[in-house]
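*Asks:* Before I ask anything, here is the structure I am working with.
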Amino acid sequence: MTNPLTPQFTVRTETSGDIDAIHASGYGIEGLSFVGVLDGEAIAHAMLSRCFVGEAPGVCLAPCSVWPEHQRTAAGTPVIEALLA
382 MTNPLTPQFT
392 VRTETSGDID
402 AIHASGYGIE
412 GLSFVGVLDG
422 EAIAHAMLSR
432 CFVGEAPGVC
442 LAPCSVWPEH
452 QRTAAGTPVI
462 EALLA
């Protein structure tokens with residue numbers, strides 16, 4: 382039996398309504414999220430997120446992705462380089 386007052390955790394697909402909440406979470410770093418665009422279509426994305434190494438604050442390269450049909454074309458390289466510049 383579950384307690385109706387206990388919050389239930391679920392997993393679902395991200396929706397457009399989630400974007401503001403994700404950006405407001407404070408884990409992403411404003412200005413450090415880049416999208417690679419080819420012929421007007423986004424094909425790659427990378428961002429720096431706040432993290433901790435033990436108790437020390439830091440940043441990590443996550444998430445980072447390239448759409449499958451554009452993988453192994455170096456499409457992600459300039460997106461990551463933009464983050465590191």
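Here the working numbering runs 381 ahead of the position in the sequence shown, where the first position is 1. Every residue gets a Cβ at the ideal spot worked out from N, C-alpha and C, and that includes glycine.
Which word fits L429, buried or exposed, when buried means at least 16 other C-beta atoms lie within 10 angstroms of its C-beta?
*Replies:* What you label residue 429 is simply residue 48 of the sequence shown in a count that begins at 1. By the 10 Å Cβ count, L429 comes out buried.
*Asks:* Please classify G457: is it buried, with 16 or more other beta-carbons within 10 angstroms of its beta-carbon, or exposed?
*Replies:* By 1-based counting over the sequence shown, the position of residue 457 is 76. Burial call: buried.
*Asks:* Thinking just about the alpha-carbon of each residue, which of G407, H451, S406 is nearest to the one in D420?
*Replies:* The residue you call residue 420 lines up with position 39 of the sequence shown. Checked all of G407, H451, S406; the closest Cα to D420 is H451.
*Asks:* Select from S414, V440, S406 the residue whose C-alpha is nearest the C-alpha of V460.
*Replies:* As a working mapping, residue 460 is identified with position 79 in the sequence shown. For the residues S414, V440, S406, the minimum Cα distance to V460 belongs to S414.
*Asks:* Could you spell out where the beta strand (DSSP E) holding V447 opens and where it closes?
*Replies:* Position 66 of the sequence shown, counted from the first residue, corresponds to residue 447. Note, V447: beta strand (DSSP E), 437-447.
*Asks:* For a test of the three-state rule: what should DSSP assign to V434, helix, strand or coil?
*Replies:* Within the sequence shown, the letter at position 53 stands for residue 434. Here V434 sits in strand by DSSP.
*Asks:* By the DSSP assignment, the alpha helix (DSSP H) with E411 in it spans what residues?
*Replies:* Position 30 of the sequence shown, counted from the start, is the residue given in the question as residue 411. Careful: E411 lies outside any alpha helix (DSSP H), inside the beta strand (DSSP E) at 409-419.
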